[in-house]
Amino acid sequence: MSAVFSKPSLLQRLKPWFQGFDIPLLLAMAWLMGLGLMCMYSAGYDHGTRFVDHARNMLLALGVLFVTAQVPPQRLMQLALPLYAFGVALLVAVALFGITKKGATRWLYVGTQIQPSELLKIGMPLMLAWWFQKREGQLRLPDFIAAFVLLAIPVGLIAKQPDLGTSLLVLGAGLYVIFFAGLSWKLIIPAMVLAGAGITALVMSEDQICQPEVKWVVLKEYQKDRVCTLLDPTKDPLGKGFHIIQGEIAIGSGGITGKGFMKGTQTHLEFIPERTTDFIFAAYGEEFGLIGALGLLIGFTALILRGLVIAHEAPTLFSRLLAGAITLSFFTYVFVNMGMVTGILPVVGVPLPFISYGGTAMVTLGLSLGMLMSIAKSRGGTQR
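The opening position of the sequence shown corresponds to residue 0 in numbering that gives the first Met the number 0, with each subsequent residue numbered one higher.
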């Protein structure tokens, strides 16, 4: 009697690779990607191949997400220390012999130009999640102090380049891990009160501290200009304040329903600077109005809430800390980008996830979401 073996179909062979993928997270991503493609087609249709390149970058990010999702969290934890050490070594190399453009030394030539600071957006939360996982159940104050030191090294190196936007993102990702690890509110509340008092003092003393002859000790001159421009962009409406003013005009002119797809005058008459990258939300708000902005915010809110659910249900401390930090990092991206476009935060180079053009940022996005998907898969024991 002969046994008959049937060859598995292609669908049966592919099914294990997709098993355990978080459907709500994928739906939130699909919604944001759709809005991003629609916005990029309008804002970048006369801007070379921006739309085609944006679609290509999204496909690349999806590929990175799929591959990363196959890596169990235990393997990710093994990569934490080498990735962090490699990233810091590259930052030191940038400080010693990096490439300088427009007064900033952020790039390194290794056959091609790379920006090592991007690596720390992933390496920093990985490292700190690994650090606290190794000390689970026996955390003491020195462990938190050591975590702050691990965070301060790359943040200081990135800020020195100078790259305020990326340093804030790396700082935020690290602080989220430290917060979720159990940092006492007795330390958090005084820091928040001090920050609030500093911002209040800054606003009230704007006329005195923003005079040309006044030198700021911590920030460079161009960073001082950004803060002072935020406080009063009308002092130089055709120069330093141009970005903020035009962004506010574009968003305000969109009204409730917007001017319509491909009908944004501020956008297509090129009044909005960087309309396909940092200031793409201004172009989006002009054409789709308040309703469109709410639709975008709903997508980001759904993604962030789903990420926090995945973090809450993660099986290990490392997974919970990493998922929580990755998720709130998306909140940082959205808050900082929309804040600078609407004039409530200084202008820094922070993209809007899925919407802004940028290959490196999109790949980093795919890597982050791939890690989040890996953690989601591990909840049901589906990791191979």
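Here a beta-carbon is modelled for each residue, glycine too, at the ideal position from N, C-alpha and C.
- [ ] Pull up the distance between the alpha-carbon of residue 262 and that of residue 336, whole angstroms please.
- [x] For the purposes of this step, residue 262 is taken as residue 263 along the sequence shown, with counting starting at 1. For the purposes of this step, residue 336 is taken as residue 337 along the sequence shown, with counting starting at 1. Distance between the alpha carbons of residue 262 and residue 336: 23 Å.
Task: Per DSSP, the bridge partner or partners of residue 104 - done: By 1-based counting over the sequence shown, the position of residue 104 is 105. 99.
Open item on the list: Please classify residue 380 as buried or exposed, where buried requires at least 16 other C-beta atoms within 10 Å of its C-beta.
Closed with: Reading the sequence shown from its first residue, position 381 is the one you call residue 380. Because the pLDDT of residue 380 is 49, which lies under 50, any placement of that residue in the model is unreliable, and the number read from its coordinates should be weighed accordingly. Exposed: under 16 other Cβ atoms inside 10 Å.
- [ ] Compare the Cα-Cα distances from residue 342 to each of 228, 321, 368, 318 and report the closest residue.
- [x] The residue you call residue 342 lines up with position 343 of the sequence shown. Comparing Cα-Cα distances from residue 342 to each of 228, 321, 368, 318, the minimum goes to 228.
Task: Contact between the stretch 68–88 and the stretch 121–135 (3+ Cβ pairs under 8 Å) - done: yes
- [ ] Answer yes if the stretch 237–253 comes into contact with the stretch 267–274, meaning at least three C-beta pairs across the two stretches below 8 Å, and no otherwise.
- [x] yes
Open item on the list: For a test of the three-state rule: what should DSSP assign to residue 112, helix, strand or coil?
Closed with: Locating residue 112 in the sequence shown gives position 113, counting from the first residue. Strand at residue 112.
Task: Terminal residues of the alpha helix (DSSP H) in which residue 141 lies - done: Residue numbering aside, residue 141 sits at position 142 when the sequence shown is read from its first letter. Counting along the chain, the alpha helix (DSSP H) containing residue 141 begins and ends at 140–158.
Task: Same chain, Cβ closer than 8 Å to residue 59, five either side skipped, listed in chain order - done: Residue mapping note: residue 59 aligns to position 60 of the sequence shown, counting from 1. Cβ within range, chain order: 358, 361, 362, 365.
Open item on the list: Less than 7 Å between C-beta atoms, sequence neighbours within five positions excluded: which residues of the same chain meet that for residue 112?
Closed with: The residue labelled residue 112 in the question sits at position 113 within the sequence shown. Taken in chain order, the residues that qualify are 98, 106.
Open item on the list: If we define contact as Cβ-Cβ less than 8 Å, is residue 160 a contact residue for chain C?
Closed with: Absent here is chain C; the protein component of the structure consists of one chain.
Task: With 16 other Cβ atoms within 10 Å as the buried cut-off, status of residue 278 - done: As a first step, residue 278 must be located in the sequence shown, where it is residue number 279. The residue is buried, with at least 16 neighbouring Cβ atoms inside 10 Å.
Task: Limits of the alpha helix (DSSP H) - the one that residue 252 falls within - done: Here residue 252 corresponds to residue number 253 of the sequence shown, with the count starting at 1. Run containing residue 252: 241–253, per the alpha helix (DSSP H) assignment.
Task: Inter-residue spacing [alpha-carbon to alpha-carbon] between residue 42 and residue 344 - done: Taking the sequence shown and counting its residues from 1, one reaches residue 42 at position 43. Taking the sequence shown and counting its residues from 1, one reaches residue 344 at position 345. So the two alpha carbons sit approximately 23 Å from each other.
Task: Whether residue 257 touches residue 298 by CB criterion (8 Å) - done: Taking the sequence shown and counting its residues from 1, one reaches residue 257 at position 258. Taking the sequence shown and counting its residues from 1, one reaches residue 298 at position 299. Not in contact: residue 257 and residue 298 (Cβ atoms no closer than 8 Å).
Task: Beta-carbon contacts of residue 288 that lie in its chain and below 8 Å, excluding the five residues immediately before and after - done: Here the question's residue 288 lines up with position 289 in the sequence shown. Within the same chain, residue 288 has close Cβ partners 253, 254, 255, 256, 257, 258.
TODO: Assign residue 58 to one of three DSSP states: helix, strand, or coil.
DONE: Position 59 of the sequence shown, counted from the first residue, corresponds to residue 58. Three-state result, residue 58: helix.
TODO: Counting only the same chain and skipping the five closest in sequence on each side, list residues whose C-beta sits under 6 Å from that of residue 176.
DONE: Taking the sequence shown and counting its residues from 1, the one referred to as residue 176 is at position 177. Correct list, in chain order: 124, 127, 128, 320, 324.
TODO: Using the Cα positions of residue 286 and residue 167, report the straight-line distance between them to the nearest angstrom.
DONE: The residue you call residue 286 lines up with position 287 of the sequence shown. The residue you call residue 167 lines up with position 168 of the sequence shown. About 30 Å.
TODO: Pick helix, strand or coil for residue 313, following the three-state DSSP scheme.
DONE: Working through the sequence shown from its first residue, we reach residue 313 at position 314. Residue state, collapsed to three classes: coil.
Open item on the list: In whole angstroms, give me the CA-to-CA distance for residue 56 and residue 68.
Closed with: By 1-based counting over the sequence shown, the position of residue 56 is 57. By 1-based counting over the sequence shown, the position of residue 68 is 69. Near 18 Å, if we compare the C-alpha coordinates of residue 68 and residue 56.
TODO: Look at the alpha carbon of residue 192 and the alpha carbon of residue 186, and state the distance between them as a whole number of angstroms.
DONE: As a position in the sequence shown, residue 192 is number 193, starting the count at 1. As a position in the sequence shown, residue 186 is number 187, starting the count at 1. Each residue's Cα considered, the two are about 11 Å apart.
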